[in-house]
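K.L.:
Okay, handing you the structure first.
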Amino acid sequence: MSAARPARPSLLHVTDLAYPARGRRYCDEDIALTARLREDFDLALCHPRDAAALMDGFDAVVVRNSGPVLHYQDAYDDFRAAALARGTRVYNPLHGRGDMAGKQYLLDLTAAGLPVIPTVDRAADLERLPAAGSYAVKPKAGADSIGLRFLPYEELAGLPYGEGLLVQPRIEFRYEVSFYFVDDRFQYALYAPDPERRWVLEPYDATDEDLRFARAFVDWNTLDHGIQRVDACRTPEGGLLLVELEDLNPYLSLDLVPDQVRERFVTALKESLTDFLRRA
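If you're matching positions, the sequence shown starts at 567 in this note's numbering and goes up one per residue.
Here you go:
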């Protein structure tokens, strides 16, 4: 009779395999990633609406390509409340200060004078914004460009700010670039050379200055464990401005990086999850 296999940590991997993301295939990325995680963990996949009901049977919940929370806000709120009440281990941990908590961080970073697209949420603060041809208006709880619109300055004062709106100048930029981290370890960067094609990405050779920029936001977020994507735009003057700090379920574009980079990322993720489970 063969010896029983030693027990392995179990993960509930939360994903929406059917979500129709523009320019991306969530399902392909999560199918490939979970195939690698199964080498070290016992693992099951579930839709975000099912996470609260299933999570007690696993050592940790890993939230990955689960789509914009706005599409299942009640279910996510129930999951988050239950996980916090029960002490469920969730990866990324639920105390993230970036997109996980809404867009308030854009206001906080603006107030702190960090290099972010200037953002306000009150008519009284509109004068603090730099002049621009038009202004982006979006909900604080938005994601994936849901609710985004562009308006001239003269229409901004009458907006219903009490409903949770943010206003930013529409920035002219040379390109957008994303920096991907596991815990505080930089993994790779990708950029969109054509500003009109956000998800047509290519590998980007990040400079030391670029990484100092990105790390400042990772450090600000204070997540000891987790996957983070720092999205930025390159201004015509050459500097970088933060667009988003994605710490809930950032899409990783793993199919666009070289094999050795993807392998390094998977190894880092496995190590991070193992350490997260050991420390929790």
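Even for Gly, the Cβ is constructed at its ideal location relative to N, Cα and C.
I'd like the list of long-range same chain contacts for L680, defined as Cβ closer than 8 Å, with 5 residues on each side in sequence excluded.
P.N.:
Within the same chain, L680 has close Cβ partners A782, F783, W786 and L808.
K.L.:
In the DSSP output, what is K704 paired with across the bridge?
P.N.:
Per DSSP, L732.
K.L.:
State the Cα-Cα distance for the pair G730 and L672, rounded to the nearest angstrom.
P.N.:
Cα to Cα, G730 sits roughly 13 Å from L672.
K.L.:
Are the beta-carbon atoms belonging to F739 and A780 less than 9 Å from one another?
P.N.:
No, these two residues do not count as a Cβ contact at 9 Å.
K.L.:
For E812, is the classification buried or exposed, using 16 other Cβ atoms within 10 angstroms of its Cβ as the cut-off for buried?
P.N.:
So E812 counts as buried.
K.L.:
Cα-Cα, which of S838, D821, D771 and R751 is closest to R795?
P.N.:
For R795, the nearest C-alpha among the options comes from R751.
K.L.:
Would you kindly report the start and end of the unbroken beta strand (DSSP E) that includes R740?
P.N.:
Careful: R740 lies outside any beta strand (DSSP E) and carries neither H nor E.
K.L.:
Taking Cβ to Cβ, would you say V743 is nearer than 9 Å to A755?
P.N.:
For V743 and A755, yes; Cβs fall inside 9 Å.
K.L.:
Is the region 616-623 touching the region 635-655, taking contact as three or more C-beta pairs under 8 Å?
P.N.:
The region 616-623 is in contact with the region 635-655.
K.L.:
Buried or exposed for M567, going by 16 or more other Cβ atoms inside 10 Å?
P.N.:
No answer about M567 holds up, because its pLDDT of 48 lies below 50 and its placement is not dependable.
K.L.:
Going by DSSP, what residues sit across from R795 in a beta bridge?
P.N.:
The partner list for R795 (beta bridge, DSSP) reads Y746 and E812.
K.L.:
Ordered along the chain, which non-local residues of its own chain (more than five positions away) have a Cβ less than 6 Å from that of Q753?
P.N.:
Answer for Q753: Y746 and F831, listed in chain order.
K.L.:
Using C-beta distances below 8 Å, list every residue in its chain close to V733, excluding the 5 sequence neighbours before and after it, in chain order.
P.N.:
Contacts found: T685, V686, D687, L692, L695, Y701, A702, V703, L722 and L725.
K.L.:
Could you tell me if the beta carbon of D841 falls within a distance shorter than 8 Å of some heavy atom in the ligand ZN?
P.N.:
Of the ligands one can find in the structure shown there are none, so the ligand ZN has no counterpart to examine.
K.L.:
Report the three-state DSSP secondary structure of M567 (helix, strand or coil).
P.N.:
Confidence is the limiting factor: at M567 the pLDDT is only 48, short of 50, which leaves the residue's position unreliable, though a coordinate-based value still follows. Looking at M567 - three-state DSSP - the assignment turns out to be coil, as it is neither helix nor strand.
K.L.:
Please look up how many angstroms separate the CB atoms of D790 and D594, rounded, as I've assumed it's under 8 Å.
P.N.:
That pair is no contact at about 29 Å.
K.L.:
Starting from V832, trace the alpha helix (DSSP H) in both directions and tell me its first and last residue.
P.N.:
Segment D825 to R845, the alpha helix (DSSP H) holding V832.
K.L.:
From the DSSP output, in three-state form, read off P769 for me.
P.N.:
Strand at P769.
K.L.:
Using the DSSP secondary-structure output, state which residues sit across from S576 in a beta bridge.
P.N.:
BP columns for S576 point to D608.
K.L.:
How should I597 be labelled, buried or exposed, when 16 other C-beta atoms within 10 angstroms of its C-beta is the threshold for buried?
P.N.:
Looking at its Cβ environment, which holds fewer than 16 other Cβ atoms inside 10 Å, I597 is exposed.
K.L.:
Beta-carbon within less than 7 Å of I849's beta-carbon, same chain only, minus the 5 sequence neighbours each way: which residues are those?
P.N.:
For the chain, the structure presents residues 567 to 846; residue 849 sits outside this window and is missing.
K.L.:
Alpha carbon to alpha carbon, how far is D608 from D582?
P.N.:
Whole-angstrom Cα-Cα distance: 19 Å.
K.L.:
Pick helix, strand or coil for R751, following the three-state DSSP scheme.
P.N.:
Residue state, collapsed to three classes: strand.
K.L.:
Are the beta-carbon atoms belonging to L839 and L577 less than 9 Å from one another?
P.N.:
It is a contact, given that the beta carbons lie within the stated cut-off.
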